[in-house]
Every structure is written in C-alpha cells, then in structure tokens.
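Asks: Number 108 in the working numbering belongs to position 108 of the sequence shown; there are no gaps in the numbering.
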Amino acid sequence: MTKSFCRKELISLCTKYCLPVNVKSTSIKIYNKIFDKVKVDNLLYLILIVAAKCEEVHTINISSSLIKNESLVHEALNFEYDFPSSYLKMCSLLVKLQIEHKVNYNDRYEEGCKFMDLLLINDDGKLNDLEKACIALQLPDSLAEKFCDLNKIKDCKNTFFTSKNVTLNSL
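(1) When we look at the beta-carbon of residue 86 and count the other beta-carbons within 10 Å, is it buried (16 or more) or exposed?
(2) Quick check: what's the CA-CA separation for residue 13 versus residue 133?
(3) Quick one: Cα of residue 147 to Cα of residue 98, how far?
(4) Shortest alpha-carbon distance to residue 137 belongs to which of 24, 151, 93, 101?
(5) From residue 169 to residue 15, what distance separates their C-alpha atoms?
(6) Tell whether a beta-carbon distance below 9 Å holds between residue 19 and residue 48.
(7) Determine the DSSP secondary structure at residue 101, reduced to helix, strand or coil.
(8) How is the alpha helix (DSSP H) around residue 42 delimited, first residue to last?
(9) Quick one: using the 10 Å Cβ neighbour count with 16 as the cut-off for buried, is residue 40 buried or exposed?
(10) With H, G and I counted as helix, E and B as strand and the rest as coil, what does DSSP make of residue 85?
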C-alpha cells in the first residue's frame, strides 16, 4: 500500500466513525512518524485508536486483538504525543482573518476542511500547518504572504490544484 493510500484510508476511517477533525490530523501525523517503524496487521486501526486517545475521544470501540499491539505504536512514537492539529491551525487563521474582516469563516470552513483532508493525504512533510492552512483556505496571495513564504506555497498550490488526482470528490 502506498503512503497516500494509507493516509486516505485514515481520513475515510475518521469520517466513517464520525471522529473530529483533530483526530484526522493526529492520525496522519502519527502515520507519517511511524509508517516505516511498525509492521503489524491493522496498523491503520491502531493509529486511529492512539490518535483518538491523544485527542481525548473515547467513543471508538477497541477489540482485544488491537489492544495487544497498541503498545507497538506507543513505542514507535517514543511515547511523545504532541501533534498540533492542522485543522485547528486553519480555524485559528480563519478566526483571525474574520476578526480583521478579510474573510467570512462560514464561507470557507467546510471547503477548507475538504482541501485540508487532501493536503494531509498527499503530505510530503515539506509544509508546516500554517502553510497548509493558507493553501486549504485558498487565500489570495495578498493575504497568504502575511503568514507564509509565498514562493513555497505557490509551488505547492500549483502542483496540488493542477494534479489530476486531486478533486474534492476524490475522498
């Protein structure tokens, strides 16, 4: 399985189990950190369980067979659980821009979340969360340059939005 396929599966599982967006972000970050360190069956479910616990979401059912292997994920993470949420960074940026009367939060949030899903699926680790937020929100250059290196995000935007594989309907 490819990395992007696994990331897409994690996003789909979070949606299937009605988990909050911060669990999506955390699960992708855990996957990126340990994908080559842990080789077990049901790795994606294990990651989802650990991500839900990190975000204090307790509504996910855990089978006893998964609990036995959960420690492998914790060990691969060296018991470090600080995973800033890409979605929270996007929301913070939206709130800041709405306060400044630059954008309307409600007009951009839902589509921004969908684009953030796609950015996380295709994450190559080159962008920080603020840069991802600027791209997901499709901010005009005049706003984005206040928060990010415009050249860095322009390259990614061009690649991201011109890719034949990236559409909102692909999730």
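Ideal placement from N, C-alpha and C gives every residue a C-beta, glycine not left out.
Replies: The answer reads as follows:
(1) Along the sequence shown, read from residue 1 onward, the residue named residue 86 stands at position 86. Answer is buried; the Cβ neighbour count reaches 16.
(2) Position 13 of the sequence shown holds residue 13. Position 133 of the sequence shown holds residue 133. So the two alpha carbons sit approximately 22 Å from each other.
(3) Here residue 147 refers to the residue found at position 147 of the sequence shown. Here residue 98 refers to the residue found at position 98 of the sequence shown. Taking the straight line joining both Cα atoms gives about 15 Å.
(4) Along the sequence shown, one-based indexing puts residue 137 at 137. Of 24, 151, 93, 101, the residue nearest in Cα terms is 93.
(5) Position 169 of the sequence shown holds residue 169. Position 15 of the sequence shown holds residue 15. For residue 169, the pLDDT reaches just 46, beneath the cut-off of 50, and the residue's location in the model is therefore unreliable, leaving the point undetermined.
(6) In the sequence shown, residue 19 corresponds to position 19, counting from 1. In the sequence shown, residue 48 corresponds to position 48, counting from 1. Yes, the Cβ-Cβ distance between residue 19 and residue 48 is below 9 Å.
(7) As a working mapping, residue 101 is identified with position 101 in the sequence shown. Coil at residue 101, not helix or strand.
(8) The residue given as residue 42 occupies position 42 in the sequence shown. Here residue 42 belongs to no alpha helix (DSSP H), and DSSP marks it neither H nor E.
(9) Start at 1 with the first residue of the sequence shown, and residue 40 comes out as number 40. By the 10 Å Cβ count, residue 40 comes out exposed.
(10) In the sequence shown, the residue the question calls residue 85 occupies position 85. Residue state, collapsed to three classes: coil.
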